[in-house]
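*Asks:* Below: one structure in structure tokens.
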Amino acid sequence: MSPVSLRKILNKKELPSLLHNLVYQLNIAIDIELVDGTKLLSIGEQTTENRYPIEMSGEIIGWVVGGEQATLVASLLSLLAKQEAEKKVLAIELLERYQEIDLFDDISTQLATSLDTRQIAQLVLQELSRLIESSAGMILLLSPDATAFEIIAEFGEFFDDSHPEPGKGIIGNIVQSNRAELINDVQTDPRLKVKKNVSAIICVPLRAKERVLGAIAIGASKTESYKAEHLKLVSIFASQTAIAIDKAVLYEQSTQAAVQAKAQTKKLQQALHELQLAQTQLIQSEKMSSLGQLIAGVAHEINNPVNFIYGNLRYVAEYAQDLLHLLEKYQKFLPVTPPELESELDNIDLEFIIQDLPKLLDSMKLGTGRIVEIVQSLKNFSRHDEAEMKAVNIHDGIDGTLMILHHRLKAAIRRPKIEIVKDYAKLPLIECYPGKLNQVFMNILANAIDALEEGMGNEEISPPTGQITIRTEVLDNQWVVIRIADNGPGMKEEVIHRIYDPFFTTKDVGKGTGLGMAISYQIVVDKHGGMLKCRSQQGKGTEFWIQIPVNCALADAAEEQNSTSASPIPTTESSPTPDADGFIPSTAPMLKPTDLLIRHTQLIQRLSQHSPDVEGASPDQIYQMFQRHPISLKLYATLLSWFCCSNPTQIRH
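Remember, the working numbering sits 8 above the position in the sequence shown when you count from 1.
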């Protein structure tokens with residue numbers, strides 16, 4: 009069927025009048041008919057039956073019946089039909105171009121919003137398969153060293169060996185030559201090395217910034233399936249795809265770089281955190297080391313004479329008993345005392361000595377035994393010469409610590425005696441650093457005593473009788489738990505979250521450095537691989553949960569193995585949530601430069617409570633104030649050293 013209708017041509021507005029004028033000028037009569045003889049137009053009285061064809065592209069679409077000059081009318085109508093056909097073809101082409109432009113605009117929008125290379129490739133192949141008939145298609149990415157292809161999207165199969173290689177085969181050579189090709193008969197191409205599954209191929213390299221990223225290829229099962237316009241269409245798709253993929257690859261690289269930078273930042277933060285914790289221990293370690301050496305030295309010096317006295321008291325008691333027995337024999341055989349001795353016996357009160365001497369020796373034995381226990385407790389607490397792990401009884405360390413703090417537990421003028429309640433379970437020997445754990449017990453018990461002393465002056469927040477309860481238990485045959493609780497005034501939740509923060513303290517200047525719990529965290533968690541938790545409620549006291557493994561050496565080995573096989577878990581700054589029992593787990597404190605400024609301000613404010621003129625004091629006067637509080641001076645020196653180790657540009661006031 010002809011794409012042009014003769015009936016529609018004759019229906020044009022001015023054509024019938026034009027034909028009437030032409031027929032009148034030629035002085036002829038004509039009839040215009042369709043191919044099947046249907047008469048469309050008749051002008052004048054027809055006297056002949058000559059028929060002249062109306063043709064369009066070699067096809068007859070109608071007839072003009074009339075005299076010899078009617079052929080002019082047939083030629084005119086043929087020309088009009090040809091023009092209509094060309095207009096129609098042009099309209100179709102314009103419509104197709106509009107559709108292509110609309111399609112490219114839609115694809116470009118989708119490609120611009122996508123940053124995933126596989127998603128981009130899949131979208132392009134999907135649209136190409138809709139526009140161009142194809143049985144196979146693929147998009148390849150060239151590796152950075154140009155030695156391999158990665159197929160990021162495909163459908164169908166080009167060759168039996170479906171994975172092309174750079175420089176090999178048809179696709180590999182096209183990419184290497186960096187020139188688009190249309191091959192309508194793959195079988196005749198000398199580059200074909202394997203069995204084909206397609207007969208025609210269009211392959212266009214993906215180029216971005218003078219660099220070949222890969223290629224896009226489509227194939228058809230029939231030869232001569234593609235034309236130049238198809239190659240042009242695929243080339244347009246290739247240019248859009250290359251830009252989108254290049255952008256996606258750059259985004260992926262930037263994302264990976266950001267992840268690596270973030271991981272490196274975490275490592276640096278962890279290293280800085282460890283450095284900070286090491287610095288916080290300078291003061292406390294020096295103090296505890298000196299204290300440990302002093303205690304150990306005193307214990308060693310006292311130990312020998314006390315043991316000498318304690319060991320010989322038994323013989324003194326035996327000798328005294330023998331002498332008293334001999335004196336009784338003398339009294340039995342010499343019942344009459346000479347006058348010279350009578351007055352002497354009255355002066356020394358022999359009866360009282362006979363009764364009191366055994367009691368005196370027993371009390372001396374009891375006292376020296378107590379001294380021996382104290383010396384042993386001092387030695388157990390100090391353990392200054394034990395740097396390696398040892399199997400020890402945890403109860404000995406707790407009892408030794410209580411012995412050191414015994415003078416603070418006794419009744420004082422402003423408060424009654426602090427009661428110690430022990431609920432010890434049967435524990436195995438623990439592989440640990442005993443001196444370090446004793447330091448933890450000392451810090452927690454000393455803080456509990458401080459809290460009780462503070463609260464006992466106010467009956468509204470603490471009971472009149474202070475009590476510290478110490479419980480031990482074995483957990484799952486792998487852990488030992490020590491729970492130390494007091495019935496003091498308790499703490500607010502925001503204070504609990506900060507007790508492990510170096511230099512944070514609620515005590516006055518000279519009474520606390522704010523390092524005890526920070527060091528306790530490192531000893532329990534970092535040194536022993538354990539757990540340190542706390543729960544407290546205002547008016548209801550505070551309880552600490554110390555959990556350490558029975559065999560810390562095995563725990564350290566497992567932790568080291570895990571650290572080599574897995575990446576470190578980044579710490580978060582969010583506050584930990586209480587567990588089912590209300591305990592809040594401890595977290596590693598991370599001090600920032602702004603935190604150091606806050607600590608600096610707090611330290612000066614606390615110092616100003618004792619010296620109101622500190623704000624206007626000269627550096628020499630401030631130094632003299634610090635000399636009256638040496639702990640604060642060392643604390644301030646450590647703060648200044650932190651500023652020197654930090655980047656000043658990061659400090660914000």
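We treat Cβ as the ideally placed atom computed from N, Cα and C, and that holds for glycine.
Which residues does DSSP pair with Leu49 in a beta bridge?
*Replies:* Ile40
*Asks:* Return the CA-CA distance between Glu158 and Gln278, expressed in angstroms with no decimal places.
*Replies:* 38 Å
*Asks:* Cα-Cα, which of Ser544, Ile527, Asp534, Val532 is closest to Gly496?
*Replies:* Ranking the options by Cα distance to Gly496, first place goes to Ser544.
*Asks:* Which residue marks the beginning of the beta strand (DSSP E) containing Val489, and which one marks its end?
*Replies:* Note, Val489: beta strand (DSSP E), 487–494.
*Asks:* Does the segment 239–251 come into contact with the segment 173–185, if we say contact requires no fewer than three beta-carbon pairs (one atom in each stretch) closer than 8 Å?
*Replies:* no
*Asks:* In the DSSP assignment, find the alpha helix (DSSP H) that holds Gln475 and state where it starts and stops.
*Replies:* First-last for Gln475: 475–483, but that is the beta strand (DSSP E), not the alpha helix (DSSP H).
*Asks:* So, with DSSP's three-state summary, where would you put Tyr323?
*Replies:* helix
*Asks:* Considering only their Cβ atoms, is the gap separating Val488 from Ile556 smaller than 8 Å?
*Replies:* Going by beta carbons, Ile556 and Val488 fall inside the 8 Å limit.
*Asks:* Helix, strand or coil for Val503, going by three-state DSSP, please let me know.
*Replies:* helix
*Asks:* Taking DSSP as the reference, what is the three-state secondary structure of Pro576?
*Replies:* Note on Pro576: pLDDT 36, under 50, position unreliable in the model; the coordinate value appears next. Note: Pro576 maps to coil in three-state DSSP.
*Asks:* Gln73 bridges to which residues according to DSSP?
*Replies:* The amino acid occupying residue 73 in the given sequence is Val; Gln does not appear at that position. Residue pairing for Val73: DSSP places it in a beta bridge opposite Asp39, Arg59.
*Asks:* Within the segment 158–209, note down every full beta strand (DSSP E) run reaching 3 residues or more, in order along the chain.
*Replies:* 189–191
*Asks:* Candidates Arg215, Leu131, Glu92, Ile209: which alpha carbon is nearest Asn19's?
*Replies:* If we check each option's Cα against that of Asn19, Glu92 comes out closest.
*Asks:* Please state if the CB of Leu34 and the CB of Leu42 are separated by a distance shorter than 8 Å.
*Replies:* no
*Asks:* On the premise that Asp431 lies in contact with Thr376, defined as a C-beta separation below 8 Å, what is that separation, rounded to the nearest angstrom?
*Replies:* Not really, about 31 Å apart at Cβ, beyond 8 Å.
*Asks:* DSSP three-state call for Asp124: helix, strand or coil?
*Replies:* coil
*Asks:* Taking only the alpha-carbon atoms, compute the straight-line gap between Ala526 and Ala154 and give it to the nearest angstrom.
*Replies:* 55 Å
*Asks:* Looking at C-alpha atoms only, which residue of Thr473, Asn401, Gln486, Gly474 is the closest neighbour of Asn446?
*Replies:* Asn401
*Asks:* Please classify Asn485: is it buried, with 16 or more other beta-carbons within 10 angstroms of its beta-carbon, or exposed?
*Replies:* exposed
*Asks:* Taking the alpha-carbon of Asp404 as reference, which of Ile421, Leu374, Val429, Leu437 has the nearest alpha-carbon?
*Replies:* Leu437
*Asks:* What does the Cβ neighbour count give for Pro442, buried or exposed, with the cut at 16 atoms within 10 Å?
*Replies:* buried
*Asks:* Sorted by chain position, which residues of the same chain lie with C-beta nearer than 6 Å to Thr56's C-beta, five sequence neighbours on each side aside?
*Replies:* In its chain, beyond the 5 residues on either side, Gly75 have a beta carbon closer than 6 Å to the beta carbon of Thr56.
*Asks:* If we count the other Cβ atoms within 10 Å of its Cβ and call it buried at 16 or more, is Phe341 buried or exposed?
*Replies:* Exposed is the call here.
*Asks:* Does the CB of Glu41 have a neighbour CB from chain C at under 8 Å?
*Replies:* Among the chains in the structure shown there is no chain C, since it carries only a single protein chain.
*Asks:* For a quick check, are the C-beta atoms of Thr550 and Asp494 less than 8 Å apart?
*Replies:* yes
*Asks:* If you follow the beta strand (DSSP E) that Met146 is part of, which residue opens it and which one closes it?
*Replies:* 144–150
*Asks:* Beta carbon of Ser594, beta carbon of Val533: below 8 Å?
*Replies:* yes
*Asks:* Taking DSSP's pairing of strands, which residues face Pro213 in a bridge?
*Replies:* Ala223
*Asks:* Return the chain-ordered list of same chain residues with a C-beta closer than 6 Å to the C-beta of Glu359, the five sequence neighbours on each side being excluded.
*Replies:* none
*Asks:* Between Ala325 and the rest of its own chain, which residues show a CB-CB distance below 6 Å, the 5 nearest in sequence each way excluded?
*Replies:* Answer for Ala325: Leu369, listed in chain order.
*Asks:* Apart from the five residues on each side of it in sequence, which residues of its chain come closer than 7 Å, Cβ to Cβ, to Asp124?
*Replies:* If we look at Asp124 and ignore the five residues flanking it on each side, its Cβ neighbours are Ala256.
*Asks:* Looking at the unbroken alpha helix (DSSP H) that takes in Gln33, where does it start and where does it end?
*Replies:* Per DSSP, the unbroken alpha helix (DSSP H) holding Gln33 starts and ends at 23–34.
*Asks:* Using three-state DSSP, classify Gln555 as helix, strand or coil.
*Replies:* strand
*Asks:* What residue does the alpha helix (DSSP H) around Ala526 start on, and which one ends it?
*Replies:* 524–529
*Asks:* Taking DSSP as the reference, what is the three-state secondary structure of Pro586?
*Replies:* coil
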